[in-house]
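Asks: Sequence lines, in order, name chains A and B. Residue numbering for the first sequence follows the working numbering, starting at 30 and increasing by one per position. Residue numbering for the second sequence follows the working numbering, starting at 73 and increasing by one per position. Ideal placement from N, C-alpha and C gives every residue a C-beta, glycine not left out. In this text, all values refer to a predicted model and were calculated from it rather than measured experimentally. Here it is, the structure, as structure tokens.
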Amino acid sequence: MNDRPKTITLEEWEVRYPVLRRRGLVEPRYGGPLCRHVDDGDYRLRKLRYDNSPAALRLWNFLLTEETRLREAKRAGKKLVGTMKDLGTVPVMAYALDNLVAFYPDGAWWIPCIMEMSTGMLEIADSLGINESFCPVRAMLGAFVTQKHFPIPDLLTCSVGAVCDDFSAIAQRLNALGFDILWWEIPHRRKPEPGEPAVVLPGGFKAPKSQVDFVRSELERVRRALEKLAGKPLTREMLQDGIQTANAVRRVLAELRTLAYRSEPCPMPALEMLIAEMLAIHFCSDRAESLDVLTDLLNEVRRRVQKKQGPGRPGAAKIFWVNPVADLQVMNLLEESGGRIAGTEYLFCHALDEIPDRIDPMDALARMALADPMVGPAADRADRICRDVVRFGAEAVLISRIPGASHCAWEGSVIAERVRTRTHLPVLEIEVPPISDAMNPTLRTRFEALVETALKQRKGKTHAVRGH
Amino acid sequence: MLYAGIDAGSRTVKVVFLNARGKAILAQGLVDQGVHQEALARHLFDRLLREKKLDQSRIRKVVATGYGRNQIGFAHATVTEITCQAAGVRFRRPRARTIVDIGGQDSKFIQLDADGSVRDFAMNDRCAAGTGRFLEVTAGRLGMDLSALGEVAQTSRDPARISSMCVVFAETEIVGLLAAGVKPSDIAAGVQRSIAQRIAGMAGRNIAGSVCFTGGVALVPGMVQVLESALKVPVRVVPDPQLTGALGAALLARTGR
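Here it is in structure tokens:
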């Protein structure tokens, strides 16, 4: 079943899938051949390269069946909560109630890529005055208008304040279209004044206690709304259980990231790791299954690490990646250009940290929300990146700007400057649109140049060590 | 033994032949780029061999670089322009630590370590506003060639302000400036200044010492001065600046990267 790791195309998966079935592949009910998703309009899948493991197949099938899962949940009488701009806080609360299912409408930003612009979602956003000067997450507007990509949730929550300005504008337009939104405010995280009561947040940053208290009060409003929707109280014990389950997912991801990003050769491709990390924030609409999917992937990675196997080329340049890309194909391009992933910061590193579980659960969630890299100074984010660059042993840093995203225009430069100064590693900034086919040669040149530079510096360091 | 470098750039294809010790350039040349990149490169390659009476059987290795490097099937290896420019400039200017390369489609800012290897680099993003393409569009709009554009720009006393960060929008802006009666010399000088400012933005605070200027745009009259003004450091044009990529590729062919 577990053949030698390699990346394969969708056509190759078509050949491999029946072979695996004949060998006794056991799949969950959402399983099946990957190519069937192309029939649903996910045309981009034809251009991607995939890890060839059954665990990766399960991950992809889990991701690509989320809409079905949401519609089934709705039909089964569950209530849906759309948690906008919320990177991993409200879903933890919602899943603590057994009749609620949370999902992440912002995830619609990948639909134009996956469906290769066939849905007209960006055009709908254009027609609503949210044009390409905004982040590609504007595709979410189109998804709400067409109601084709996810069912309309029973409750929509959205954090505002120190979040992406683009997203706030897009959510306000959604609100103006008649979709009620429960707004909750997240303030810009600041350093405590001397003598001011302070709290250490997950990830190590400090914030004034007054800010944590404020966020907690905002989350209490969300809690009341969730209770009303569920028709039952969200007790402290239920929240504690929710936090423990979320932490179980995060622990699996933490081990997965450590093994995948530090082992040589790299045991899992960048693309599958991106998808896996994303599960931390929304559980892909099934919390229990997301834990199983990730555990399966972790077991595959453990097996490969033990055998010193991986799908990429040995000795590939170790690249730390900052920000998620709108076009998934670009993750493949990194490996095709001689690189491998060695650490990531996809704007939600706080959702990978364990939530404190020995304090009041609402307080713990408030601390976690305030640890969001996007709500603090860019320098804080850069510091954490520098720390992780060292931890994962990266040899170069790639910062992928999100076109139009207001937090990225200046943030990239701040991060690049600080990473250069602190780590002395080469840093490359790129910008990736939802479909980057026309830019492939120029992106490839940039990636290859970064790889050449990193490998040359590795060689120099090796010589220096030998010289000593 | 011979080594060859081919730079398949967006505007021209360049070829350089080096001798066995990598000290002497035996032949070099360029032709305009076209659809059939490999055929163009092959034709130039063969022509140089013929003209300089070089024996093809003595060619040990060919390295291709540039935008179309992967199209050159007869090359033994490919290396990016960044690494090749660094090697080529280093050959010409052994103490070089900072390179600005402005080509037809890309612009690059490259920092070198003391041993000449690339320490870090930055490239223009999707927009062509900081590249030779911007000059081409302007020259076309003003009805002159690139060299004349540079000459004309040098007569300007009041460079126009080009505010657009996109070549397409900037072209519209140029049309507006012409309609408003702004002199072509001021428009040309404004465009040159806009490119230089883009490069300065890309370089940030990372300029160490003097800057070596390479790429085809380095040949445009006046560009070196506007670049010096924008970067606030001395800028020196590398000899045969449009050929340093191919030269670097030939050097890397010899050293085995």
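#1: Below 6 angstroms CB to CB, which residues in the same chain sit around residue 174(A) once its five sequence neighbours on both sides are set aside?
#2: Are the region 258–272 of chain A and the region 236–244 of chain A touching by the rule of at least three beta carbon pairs closer than 8 angstroms?
#3: Who are residue 54(A)'s beta bridge partners in DSSP?
#4: Taking only the alpha-carbon atoms, compute the straight-line gap between residue 339(B) and residue 285(B) and give it to the nearest angstrom.
#5: Distance, Cα to Cα, residue 299(B) vs residue 307(A)?
#6: Distance cutoff 8 angstroms, beta carbons only. Does residue 485(A) sit that close to anything in chain B?
#7: How is residue 228(B) classed by DSSP in three states: helix, strand or coil?
#8: List the endpoints of the continuous alpha helix (DSSP H) containing residue 156(B).
#9: Could you list the residues in the region 302–321 of chain A with a C-beta less than 9 angstroms from some C-beta on chain B, going in chain order?
#10: Just checking, does the region 75–82 of chain A make contact with the region 38–45 of chain A on the three C-beta pairs under 8 angstroms criterion?
#11: So, does the region 172–188 of chain B touch the region 267–277 of chain B, judging by three or more C-beta pairs under 8 angstroms?
#12: Which residues, in order along the region 442–461 of chain A, keep a beta-carbon less than 9 angstroms from a beta-carbon of chain B?
#13: Residues of chain A with a CB under 7 angstroms from the CB of residue 84(B): which are they?
#14: Who are the Cβ neighbours of residue 168(B) in its own chain at under 7 angstroms, not counting the five residues just before and after it?
#15: Are the Cβ atoms of residue 273(A) and residue 392(A) separated by less than 8 angstroms?
#16: Residues of chain A with a CB under 8 angstroms from the CB of residue 197(B): which are they?
#17: Does the beta-carbon of residue 264(B) have 16 or more other beta-carbons within 10 angstroms, so that it is buried, or is it exposed?
#18: Taking the straight line between their C-alpha atoms, what separation do you get for residue 186(A) and residue 49(A)?
#19: Which bits of chain B does residue 481(A) rub up against, with CB to CB less than 9 angstroms?
#20: Residue 477(A) CB to nearest chain B CB: under 8 angstroms?
#21: Output yes or no for whether 8 angstroms exceeds the beta carbon distance between residue 248(A) and residue 381(A).
#22: Run the CB neighbour count on residue 286(A), radius 10 Å, all protein chains shown included, and call it buried at 16 or more, exposed below.
#23: Sort out for me which residues DSSP pairs residue 108(A) with in a bridge.
#24: Could you work out which residues of chain B lie near residue 470(A), taking near to mean beta carbons separated by less than 9 angstroms?
#25: Cβ of residue 348(A) within 8 angstroms of Cβ of residue 479(A)?
#26: According to DSSP, is residue 310(B) part of a helix, a strand, or is it coil?
#27: What does DSSP give as the partner residues of residue 187(A) in its beta bridges?
#28: Flag this pair as yes or no: are the beta carbons of residue 140(B) and residue 322(B) separated by less than 8 angstroms?
#29: For residue 106(B), does the three-state DSSP call read helix, strand or coil?
#30: Please report whether the beta-carbon of residue 193(B) lies at a distance below 8 angstroms from any beta-carbon of chain A.
#31: Among residues of its own chain, excluding the 5 on either side of residue 228(B), which ones have a beta-carbon nearer than 6 angstroms to its beta-carbon?
#32: Using only the alpha-carbon positions, how far apart do residue 69(A) and residue 205(B) sit?
#33: Report the three-state DSSP secondary structure of residue 100(B) (helix, strand or coil).
#34: Given a cut-off of 8 angstroms on the beta-carbon distance, is the pair residue 322(A) and residue 88(A) in contact?
#35: From which residue to which residue does the alpha helix (DSSP H) around residue 247(A) run?
#36: Could you pull out every residue in the same chain whose Cβ sits closer than 7 angstroms to the Cβ of residue 284(A), ignoring the five residues on either side in sequence?
Replies: Taking the definition as stated:
#1: Indexing the first sequence from 1 puts residue 174(A) at position 145. Closer than 6 angstroms at the Cβ level, and outside the excluded window around residue 174(A), lie 153.
#2: No contact exists between the region 258–272 of chain A and the region 236–244 of chain A.
#3: Reading the first sequence from its first residue, position 25 is the one you call residue 54(A). DSSP lists no partner for residue 54(A).
#4: Residue coverage of chain B in this structure runs from 73 to 329, which leaves residue 339(B) outside it and unanswerable.
#5: Along the second sequence, one-based indexing puts residue 299(B) at 227. Along the first sequence, one-based indexing puts residue 307(A) at 278. If you draw a straight line from the Cα of residue 299(B) to the Cα of residue 307(A), it comes to about 44 angstroms.
#6: Reading the first sequence from its first residue, position 456 is the one you call residue 485(A). It does: the Cβ of residue 485(A) has a partner Cβ on chain B nearer than 8 angstroms.
#7: As a position in the second sequence, residue 228(B) is number 156, starting the count at 1. DSSP places residue 228(B) in coil when its eight states are reduced to three.
#8: Within the second sequence, the letter at position 84 stands for residue 156(B). For residue 156(B), the uninterrupted alpha helix (DSSP H) run begins and ends at 153–164, by DSSP.
#9: Taking 9 angstroms as the Cβ-Cβ cut-off against chain B, none of the residues of the region 302–321 of chain A qualify.
#10: Of all C-beta pairs linking the region 75–82 of chain A to the region 38–45 of chain A, three or more are shorter than 8 angstroms, placing the two stretches in contact.
#11: The answer is yes - the region 267–277 of chain B touches the region 172–188 of chain B, with three or more Cβ pairs under 8 angstroms.
#12: Taking a C-beta cut-off of 9 angstroms against chain B, the contacting residues of the region 442–461 of chain A are 442, 445, 446, 449, 453, 454, 455, 456, 457, 458, 459, 460, listed in chain order.
#13: Along the second sequence, one-based indexing puts residue 84(B) at 12. Contact annotation for residue 84(B) against chain A: no contact, minimum CB-CB distance about 17 angstroms [criterion: below 7 angstroms].
#14: In the second sequence, the residue the question calls residue 168(B) occupies position 96. 161, 162, 184, 284.
#15: Here residue 273(A) refers to the residue found at position 244 when the first sequence is read from its first residue. Here residue 392(A) refers to the residue found at position 363 when the first sequence is read from its first residue. Contact: no.
#16: What you label residue 197(B) is simply residue 125 of the second sequence in a count that begins at 1. Neighbourhood of residue 197(B) in chain A, by CB distance below 8 angstroms: 430, 458, 459, 460, in chain order.
#17: In the second sequence, residue 264(B) corresponds to position 192, counting from 1. That one is buried.
#18: Along the first sequence, one-based indexing puts residue 186(A) at 157. Along the first sequence, one-based indexing puts residue 49(A) at 20. Roughly 42 angstroms separates the two Cα atoms.
#19: One-based indexing of the first sequence puts residue 481(A) at position 452. Result: 151, 152, 154, 155, 190, 329.
#20: On the first sequence, residue 477(A) is found 448 positions in, with the first residue counted as 1. It does; some Cβ of chain B falls within 8 angstroms.
#21: Position 219 of the first sequence, counted from the first residue, corresponds to residue 248(A). Position 352 of the first sequence, counted from the first residue, corresponds to residue 381(A). No, they are not a contact pair.
#22: Position 257 of the first sequence, counted from the start, is the residue given in the question as residue 286(A). It is buried - the Cβ of residue 286(A) has at least 16 other Cβ atoms within 10 Å.
#23: On the first sequence, residue 108(A) is found 79 positions in, with the first residue counted as 1. Bridge partners of residue 108(A): 129(A).
#24: For the purposes of this step, residue 470(A) is taken as the residue at position 441 of the first sequence. Neighbours of residue 470(A) on chain B, chain order: 139, 140, 142.
#25: Translated into positions along the first sequence, residue 348(A) becomes position 319. Translated into positions along the first sequence, residue 479(A) becomes position 450. Inclusion of residue 348(A) and residue 479(A) in the CB contact set at 8 angstroms is warranted, their separation being smaller than that value.
#26: For the purposes of this step, residue 310(B) is identified with residue 238 of the second sequence, where counting begins at 1. Here residue 310(B) sits in coil by DSSP.
#27: Indexing the first sequence from 1 puts residue 187(A) at position 158. Note: residue 187(A) sits in a beta bridge opposite 113(A), 212(A).
#28: Counting from 1 along the second sequence, the entry for residue 140(B) is found at position 68. Counting from 1 along the second sequence, the entry for residue 322(B) is found at position 250. Taking 8 angstroms as the Cβ cut-off, residue 140(B) and residue 322(B) do not qualify as a contacting pair.
#29: Counting from 1 along the second sequence, the entry for residue 106(B) is found at position 34. DSSP places residue 106(B) outside both helix and strand once states are collapsed to three, so it counts as coil.
#30: Position 121 of the second sequence holds residue 193(B). The beta-carbon of residue 193(B) is placed less than 8 angstroms from the nearest beta-carbon of chain A.
#31: Walking along the second sequence from the start, residue 228(B) turns up at place 156. Here the set comprises 257, 258, 261.
#32: On the first sequence, position 40 is the one that residue 69(A) refers to. On the second sequence, position 133 is the one that residue 205(B) refers to. Their Cα atoms are separated by approximately 41 angstroms.
#33: Working through the second sequence from its first residue, we reach residue 100(B) at position 28. In the three-state DSSP reduction, residue 100(B) falls in the strand class (E or B).
#34: Looking up residue 322(A) in the first sequence gives position 293. Looking up residue 88(A) in the first sequence gives position 59. Result yes, Cβ atoms of residue 322(A) and residue 88(A) sit closer than 8 angstroms.
#35: Walking along the first sequence from the start, residue 247(A) turns up at place 218. DSSP places residue 247(A) in the uninterrupted alpha helix (DSSP H) bounded by 238–259.
#36: What you label residue 284(A) is simply residue 255 of the first sequence in a count that begins at 1. For residue 284(A), where only same-chain residues beyond five positions count, the Cβ hits under 7 angstroms are 327.
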